[in-house]
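Chains as they are written, first to last, in this note's numbering: chain A, 1 to 195; chain B, 1 to 195; chain C, 1 to 195; chain D, 1 to 195.
Every residue gets a Cβ at the ideal spot worked out from N, C-alpha and C, and that includes glycine.
Computed from a prediction, not measured in an experiment: that's the story for all the values here.
Quick notes on the structure that follows.
4 protein chains.
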Amino acid sequence: MTRQARRARGALLRAGRKVFEDKGYYGARVADVAAEAGMAVGSFYTYFDSKEALFREVLIEVEDEVYGELSPAGPQPEDPRARIHQTNLLYFTAFQRNVGFWRAVEESALTNPDARRVLAERRRYYRGRTRRALARWQDRGLIGDDLDLDFAAAALGAMTERCAYLWFIFGDPVAPDEAATKITDLWLTTLGLPG
Amino acid sequence: MTRQARRARGALLRAGRKVFEDKGYYGARVADVAAEAGMAVGSFYTYFDSKEALFREVLIEVEDEVYGELSPAGPQPEDPRARIHQTNLLYFTAFQRNVGFWRAVEESALTNPDARRVLAERRRYYRGRTRRALARWQDRGLIGDDLDLDFAAAALGAMTERCAYLWFIFGDPVAPDEAATKITDLWLTTLGLPG
Amino acid sequence: MTRQARRARGALLRAGRKVFEDKGYYGARVADVAAEAGMAVGSFYTYFDSKEALFREVLIEVEDEVYGELSPAGPQPEDPRARIHQTNLLYFTAFQRNVGFWRAVEESALTNPDARRVLAERRRYYRGRTRRALARWQDRGLIGDDLDLDFAAAALGAMTERCAYLWFIFGDPVAPDEAATKITDLWLTTLGLPG
Amino acid sequence: MTRQARRARGALLRAGRKVFEDKGYYGARVADVAAEAGMAVGSFYTYFDSKEALFREVLIEVEDEVYGELSPAGPQPEDPRARIHQTNLLYFTAFQRNVGFWRAVEESALTNPDARRVLAERRRYYRGRTRRALARWQDRGLIGDDLDLDFAAAALGAMTERCAYLWFIFGDPVAPDEAATKITDLWLTTLGLPG
DNA sequence: CATGAATGAGCATTCATTCAT
DNA sequence: GATGAATGAATGCTCATTCAT
C-alpha cells in the first residue's frame, strides 16, 4: 500500500469515526463519510467494501485505543481496591470520551453479527483479566473460596457496562470519577473485600 | 370503536409485535405488518399514525403483560433469597419469551426518545420496588446499614438487565432457571445476605 | 328525494364549499368534506358520484348566488358610468366574498373540462349582457360606431376578471369600491364615454 | 460541473418542461420526468432537490427565453401603434409556443408562493416597461395628461394576459397575429391614441 | 486510482372510492 | 340509507453501491 493510499484510508477511518459518533450507525451515510474525509464517494469503495466494513475497522481501531488506555504501562496496583478503582475509572473515562461511538456500536451490534463478535471478544478478554485478578486475590485469601470467579467476573462486568450505558448514553451525564467510586464500592462489597 | 375495528387493531398489534420481533425496529416495514395481519397497507393507517406509533403501543402492551407477570398475585415471600429468586426467575422468563421484541426495543431506544422514556419509567418502577424490599431487609437487620440502597438497587438492576441482554439477545441461550439461580446468588453475596 | 336526503345533500354542499374555500381544489379531501358535514365518508357517495361532481355542483350553486347578486332587481341605471360602476362594484364585492372558492375554481378549471365549461358559459352570459348594454349606448350615439362591441365586451371583461384575480387572489387585498372606481374609469376611457 | 453533468441536467430540464407542459404541475411525476430524460429516478435527485425545485428552474428558463423574445435587439419603433403591436404580437407568439407550460405555471402559482413571486416580478417588469413607454408618449402629447399611467399599464397588461389565457389555454385557439391586432386596437382606443 | 454521476430497489404515507355490516 | 373500515395504487424521496470517464 502506497503512502498516499495509507493516508486516504486513514482519512476515511477518522471521518467514519466522527460520522458514526454524530449520526449513529443507521444514520451515517457513506456520502457523509466521504465528504467528511474530503474525498469522492467512489473512492470510499477503493478502501472499504461497504459501510459495514468501515464500521468494523473503526470499531477495531477504537477498541485498540481503549485497550491501550485500559492497560496502563506501569505496574498494576496489587491492592484490590486501588486496582479495581483504577480499572473502572479508566473504563468510564474511555467510555465517556467515545460515548457517541459506543451508541453506534450498540446499535449495530443488535443487527450485525460482526460487531457482535468484536464486542464478544472484547468482553471475553476483559473478563479473563478480571478473573485472573480475582483468582490471585482468592489465592491470597482475600476472596472466599466459594465464589464462582467466572460468573462473578462476567456479572460484575455486565453491571459496569450497563451502568456506563445508562449513565452516559441514556441518562443524565455523570462525572466518571464519582461513577467509578460508587461502582468500585459495589465490586468490593460483592467480592467481600475489606472496604 | 366497533367490534370489527377492535379486531383489526388487535390483529395489527399482534402482527407488529411479531414483525418487530423478527426484523427489529429498523427492519420492520409497515407493509410487512399489514401483510402479517392479512390487511392492505392503507388499513394500517386507519389504526396507527405511523410505524413509530405502532411500536409505542406494542411496547406498552408488552410492558403491561410483563408487568403482570412480574407482579404475581399471591403474597410475596419474605425470605430474601426466595423473594429475589422469584423475581429474577420471572424476569428472565418474561425476558426470554419476548427476546426478539426487547432487541427491537433496545434498537429503537438508541434513537427514539419515546421508547427511551418508556424504558426509563419501567426501570424507575422496578428500582423502586427493589429499594423498598432492601429497605425492609435493612430494617430487619439483614442488610448492613452502610449500604447505599438507591445505588445498590440501580446497579443490581443494571447487572440483571445486562446479563439478560448478553445471554438471551447476544449470546448462547441460557436456561432461565439456571440464570436466575446464579444471579440470585450474586445478589445475596452483594447484599451480604446469608446464603 | 326525502326531506332527510335533501338536508344531507345540502349539508354536504355547504361543507364542500367551505372546504374548497379553505384548502383549494386539490387540497380538499372527501374525508374533510364529510367531517365538516358531520357525516360518514361513505354517505358522501350516496349523494355525489365523486369529489369532482360535488365541486361541479358547488360551482353552480355559487354561480347562481353570484348571478343573483349581479342582477339587481330594480331598474338598471341608464347612465353608462352609473351602470358600469354598479356592475363592477357588485362584481368585485361578490368576487371578494368568495375569493377562496374562486381560487379553487381557477385551480380546477386548468384540469377539469367541466369546470371550464361552467366558467365559459358564465363568461358568455356576462359578455352578452355587456354587449347589449354597449349596443344600446352605441345606438344612442354615446359610443363610436367603429367599436367592435363583441371584442370590447370580451376584452374589458377579461381585464376586470384578471384585475380581480391579481388583486384579491394574488396580491395585496384592495378595497372593492376603490377597485371598482378605477376600473370603471378605464372602461369609460376605452369606450370613449364622457367622464 | 462536468460536461456530462451539464448534459444530464439539461436533459432533465428539457424533460421537465415537456412533462409539465403535458401533464400540468400536479400531474407531473418525478418518475415521468426521469423516464422522459432517459434516466433513473435517483438521478433526478442528483440535480434537483425536489419536483418543485425543478419547476422553479424550468420556470426561470422559460422566463428568460421569453424575455429574450420580448426584448428584440433592434431599435424599438417610436410609433405607438407599431410599438404596441410588436410587443403584443411577440407576447402572444411566445405565450402560444409555451401554452402548456403556462398552464402549469398558473396551476402552481395558486399554491406555490415561489411561482407566485416569479410571476409577480415578471409582471412588475413588463408593467414598468409599459409605463415608461406611455410616459414618453404622454410627454409628446400623444396621450392625455389625465391618464393614470400606472393603473393603465397594470390594467392593460391584465387584459392582455387574461385574453391570452382565455384564448390559448381555455378556449379555441386563435391566431396570434389576429389576436395581436385586435388587442392593439383596443390599447390604442383606451389610450386615446390616433388610430 | 480518483471522481462523482447513475442506478433502482426500497419505503412511509395518502386518499378517492368501494363495500360489508 | 348510514356507517366507517378496507383497499391498494400512487408518489416523492433516500442511499448503498456500481461504473464510465
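Proximal residues of chain C, C-beta to C-beta of residue i below 8 Å
i, result
"Glu161 of chain D", "Arg162"
Simplified DSSP state of residue i, which is helix, strand or coil
i, result
"Phe48 of chain A", "coil"
"Met39 of chain A", "coil"
"Ala109 of chain A", "helix"
"Asp22 of chain C", "helix"
"Gln86 of chain A", "helix"
"Arg14 of chain D", "helix"
"Gln4 of chain A", "helix"
"Leu186 of chain B", "helix"
"Val174 of chain A", "coil"
"Gly68 of chain B", "helix"
"Glu78 of chain C", "coil"
"Asp210 of chain B", "Residue 210 of chain B is absent from the model: chain B starts at 1 and stops at 195."
"Asp32 of chain C", "helix"
"Leu193 of chain C", "coil"
"Asp146 of chain A", "coil"
"Ala133 of chain C", "helix"
"Ala154 of chain B", "helix"
"Ala73 of chain B", "coil"
Close beta carbons around residue i, own chain, < 6 Å, minus the five adjacent residues each side
i, result
"Ala37 of chain C", "Ala11, Leu12 and Ala15"
"Leu119 of chain C", "Ala109"
"Glu21 of chain D", "Gly100 and Phe101"
"Tyr54 of chain A", "Rather than Tyr, the amino acid found at residue 54 of chain A in this sequence is Leu. Gly16 and Phe48."
"Thr184 of chain D", "Ile84, His85 and Asn88"
"Ala28 of chain A", "Val19 and Phe20"
"Leu70 of chain D", "Leu90"
"Val174 of chain A", "Trp167"
Residues of its chain near residue i, where Cβ-Cβ distance is below 7 Å and the 5 sequence neighbours each way are ignored
i, result
"Ala153 of chain B", "Arg127, Thr130, Arg131 and Leu134"
"Arg103 of chain B", "Gly24 and Ile169"
"Gln76 of chain C", "Arg83"
"Asp150 of chain A", "Arg131"
"Gln4 of chain D", "none"
"Gln96 of chain D", "Phe168 and Pro176"
"Arg122 of chain A", "Glu63"
"Ile143 of chain C", "Leu134, Trp137, Leu191, Gly192 and Leu193"
Chain-ordered chain A contacts of residue i [CB-CB under 7 Å]
i, result
"Gly24 of chain B", "Leu110 and Thr111"
"Leu142 of chain B", "Within 7 Å Cβ-Cβ: nothing; Leu142 of chain B doesn't reach chain A, min ~14 Å."
Interface residues of chain A facing residue i [CB-CB closer than 9 Å]
i, result
"Ala152 of chain B", "Leu186 and Thr189"
Chain-ordered chain D contacts of residue i [CB-CB under 7 Å]
i, result
"Leu166 of chain C", "Ala158"
Chain B residues whose Cβ lies nearer than 8 Å to that of residue i
i, result
"Ile183 of chain A", "Ala155"
Residue i: contacting residues in chain A (beta-carbon distance under 8 Å)
i, result
"Glu107 of chain B", "Glu107, Leu110 and Thr111"
"Arg103 of chain B", "Leu110"
Own chain, CB closer than 8 Å to residue i, minus 5 neighbours either side, in chain order
i, result
"Pro223 of chain C", "This structure cannot speak to residue 223 of chain C, because chain C is shown only from 1 to 195."
"Glu106 of chain D", "Tyr165 and Ile169"
"Thr181 of chain A", "His85"
"Ile60 of chain C", "Val118"
"Asp145 of chain D", "Gln138"
task = Taking only beta carbons into account, state which residues of the segment 170-182 of chain C come closer than 7 Å to chain D, listed in chain order.
result = Under the 7 Å Cβ criterion, the segment 170-182 of chain C contributes Phe170 and Lys182.
request  = Residues of the segment 114-131 of chain A with a CB closer than 9 Å to any CB of chain B: list them in chain order, please.
outcome  = Arg116, Leu119, Ala120 and Arg123
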